[in-house]
Structure formats: C-alpha cells, structure tokens
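A short write-up of the structure that comes next.
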Amino acid sequence: MSLPVKITVITVCRNAANTIRDCLESVASQTHDNVEHWVIDGASTDGTPEKLAEWQNEFGFRFISEPDAGLYDAMNKGIARATGDVIGFLNADDFYATENVLGEVAAALSDPDVAGCYADLRYVKQDDPGRIVREWKAGDYESGAFFRGWMPPHPTFYARRETYEKWGGFDTQYRFGADWELLFRFFEIAKLPVGYVPHFWVTMRLGGETNRNLSNMLANHRECLRAFREHGFRAGPLFPIRKYWHRLRQFRWKGLAPRSDGK
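Heads up: the sequence shown at position 18 corresponds to 149 in our numbering, and the numbers run straight through without jumps.
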C-alpha cells in the first residue's frame with residue numbers, strides 16, 4: 132500500500148523563540164501521515180536555535196540556522212531542501228486552524244491535474260491567539276483577478292514541488308512583495324489549475340513585516356506595480372485602491388473565539 136502524498140511544510144524564522152513552539156506543535160499534531168517539516172532559521176540571537184535543537188526530537192522537524200539574505204532567500208532555501216511532493220509554508224508565529232489541514236491539502240491535490248490549492252485564514256491578536264480580529268475569506272479564483280486586486284492568503288497556499296521546479300521560487304529582488312509576485316506568476320502567467328477549499332487553514336498572529344507600517348505597505352504596492360511591468364502588463368495608478376477594496380471585501384471583522392472545526 133502506497134504512502135499518502137508527502138507534504139513539506141517550511142517555516143522561516145528569525146528571533147522567534149517566544150512563538151515558534153506553537154507552530155512546531157501545530158505541524159506535529161497534523162493527522163496526515165507523511166509530513167516533512169523544515170525550519171529555516173536566520174541565525175537568530177534570542178535563543179531560537181538552541182530551542183530548536185532542544186525540541187527537534189520531540190516534534191520531528193529538521194532545521195538549519197545560518198545567515199540569509201532576507202525572508203524570501205530563506206524561503207527559497209526551504210524549497211531547495213524539500214523532498215515532499217507538495218510544498219507549503221507556515222510562519223513561525225502562526226499555527227494551523229485544525230489538525231486536519233494537511234489532510235485537506237492532500238485531498239485537494241488528489242487530482243493530478245490540480246497544481247495547487249489555497250484556503251481561508253484567520254488573524255488573531257499577537258498576545259492573545261484565542262481572540263480573532265478578522266477573517267480572510269479568499270473566495271474562488273477567476274482569471275484576471277490579480278489585476279482587479281484579488282489574491283489568496285499566501286500562508287494557505289500549497290503547490291506541487293514540480294511547479295516550483297518549472298516556474299521558479301521567490302524572486303529575491305522584491306523585499307516585500309515576492310509572495311505576491313510568485314502567486315501572480317503561478318496564477319496569471321502560468322495559468323496553473325488551482326483549487327479553493329472554503330475552510331480556515333491558518334491562524335496568523337498580527338504583525339507581519341509587510342503590513343507593519345505605512346512605509347512597508349507603500350513599498351509593497353510599488354513592488355506589485357513593478358511585477359506587472361516586468362511581466363509585460365500595466366495595472367494603472369488605481370491598482371492599490373482596487374487591491375485594498377478587494378481585500379476589504381474578503382475580510383470579515385470579528386471579536387470572538389475560534390471555532391474548533393476550522394469552517
């Protein structure tokens with residue numbers, strides 16, 4: 132009897148000693164049987180490497196700790212080390228919404244013609260992960276949606292390893308928008324067949340690098356416009372407005388505790 136599809140989960144971190152255990156526990160508790168978990172640490176100075184060494188046998192992950200050229204360089208290191216048939220990312224501050232997320236990923240990709248899949252995401256308070264702030268309901272993808280400001284939550288996106296081998300990883304010339312550019316490339320340029328699963332897969336603590344301040348947000352917009360140009364398109368000056376309008380339509384604002392079923 133063949134093993135279930137092998138899924139590689141990549142976690143990139145730097146100075147995440149206070150939160151990464153939740154992430155490690157979340158991956159280790161998944162009911163899917165065939166999971167490889169790589170932690171790519173960027174030479175943390177807060178004791179993260181020591182904690183990773185302490186917890187490695189308990190949670191069964193693999194890790195490296197070395198300097199990198201930024202977030203997306205570290206993510207590419209993870210892709211290069213992945214041996215799974217499917218690759219996804221879970222941030223060091225984040226955790227899965229249920230224990231069956233990777234099982235749902237495997238089910239979504241059981242059709243060999245489907246190249247990737249994505250789902251919904253919840254944002255919680257940094258210091259109170261039981262308190263939901265808002266929900267990101269991605270919705271179904273339609274061709275051309277990126278030009279109208281749509282995108283799926285990248286932490287919920289999983290793709291076959293062969294997709295990365297054919298279409299490349301993260302373009303490290305982008306400091307804030309390489310995840311957007313990669314998704315744009317996969318969805319709109321490569322026209323890869325992707326599936327949407329209308330369940331919550333990831334719980335994210337607020338405080339991501341891109342959305343940390345107005346300057347970073349503006350830099351992200353500029354990089355999105357640059358990606359359009361480099362792929363031979365023009366989005367127009369109203370794209371940032373469309374992007375935020377579409378994001379607001381995807382968001383649902385909350386003030387309640389998470390449900391246990393992830394739906």
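C-beta atoms are modelled at their ideal positions from N, C-alpha and C, and glycine is treated no differently.
Per-residue burial, residue i [other beta carbons within 10 Å of its own, 16 or more giving buried]
| i | result |
| --- | --- |
| A205 | buried |
| E273 | exposed |
| G275 | exposed |
| P243 | exposed |
| G219 | buried |
| D271 | exposed |
| R253 | buried |
| P283 | buried |
| D172 | buried |
| S160 | exposed |
| G363 | exposed |
| G209 | buried |
| R360 | exposed |
The beta strand (DSSP E) enclosing residue i, as first and last residue numbers
| i | result |
| --- | --- |
| R253 | G247 to K256 |
| I320 | Segment: none, I320 is in no beta strand (DSSP E) and carries neither H nor E. |
| F220 | V217 to F220 |
| P197 | Looking at the sequence itself, residue 197 is Glu, so the reference to Pro does not match. Premise fails: E197 is in no beta strand (DSSP E) and is neither H nor E. |
| M335 | V325 to R336 |
| T139 | I138 to C144 |
| R306 | Here R306 belongs to no beta strand (DSSP E), and DSSP marks it neither H nor E. |
| G261 | D259 to W267 |
Segment limits, alpha helix (DSSP H) that includes residue i
| i | result |
| --- | --- |
| T294 | R292 to W298 |
| P180 | T179 to F190 |
| D172 | Segment V166 to D172 is the beta strand (DSSP E) holding D172; no alpha helix (DSSP H) there. |
| E156 | I151 to A159 |
| R212 | L202 to R212 |
| V232 | V232 to A239 |
CB-CB length for residue i against residue j, believed under 8 Å
| i | j | result |
| --- | --- | --- |
| R292 | A213 | 6 Å |
| I138 | V236 | 6 Å |
| Y289 | E354 | Not confirmed; about 23 Å, so no contact. |
| H330 | D251 | 6 Å |
| A269 | F315 | Contact flag wrong, Cβ pair sits at about 15 Å. |
| F307 | A350 | 5 Å |
| L240 | V136 | 7 Å |
| T294 | G247 | 6 Å |
| K256 | R265 | Between R265 and K256 the Cβ distance is about 11 Å, and since that is not below 8 Å, they are no contact. |
Cβ neighbours of residue i in the same chain (closer than 7 Å, five flanking residues each side left out)
| i | result |
| --- | --- |
| A321 | W298 |
| L155 | W186, F190 and F192 |
| A174 | S196, E197 and P198 |
| G326 | A239, V245 and C248 |
| R323 | It is Leu, not Arg, that sits at residue 323 in the sequence shown. Counting only Cβ-Cβ distances below 7 Å, and skipping sequence neighbours, we find A246, G247, T294 and F317. |
| V328 | E235, A239, C248 and A250 |
Of the listed residues the options, nearest to residue i (C-alpha basis)
| i | options | result |
| --- | --- | --- |
| T176 | Y203, E156 and A148 | A148 |
| A223 | T142, H362 and K208 | T142 |
| E167 | F194, R262 and M335 | F194 |
| D216 | L356, L134 and F364 | L134 |
| D225 | A200, D259, A238 and G234 | D259 |
| R336 | A184, W267 and V170 | W267 |
| D153 | T334, A211 and H285 | T334 |
| E296 | G338, A211 and V170 | A211 |
Cβ shell of residue i (< 6 Å), same chain only, five flanking positions each side left out
| i | result |
| --- | --- |
| D302 | A309 and E312 |
| R390 | Legend: pLDDT at R390 = 44, less than 50; position of this residue unreliable, no value from coordinates given. |
| W332 | A228, V232, A250 and T287 |
| K182 | A148 |
| V140 | V158, H168, G219 and L221 |
| N207 | G300 and F301 |
| E319 | F277 |
| N165 | L134, P135 and K137 |
Cβ shell of residue i (< 8 Å), same chain only, five flanking positions each side left out
| i | result |
| --- | --- |
| T150 | A223, D224 and R336 |
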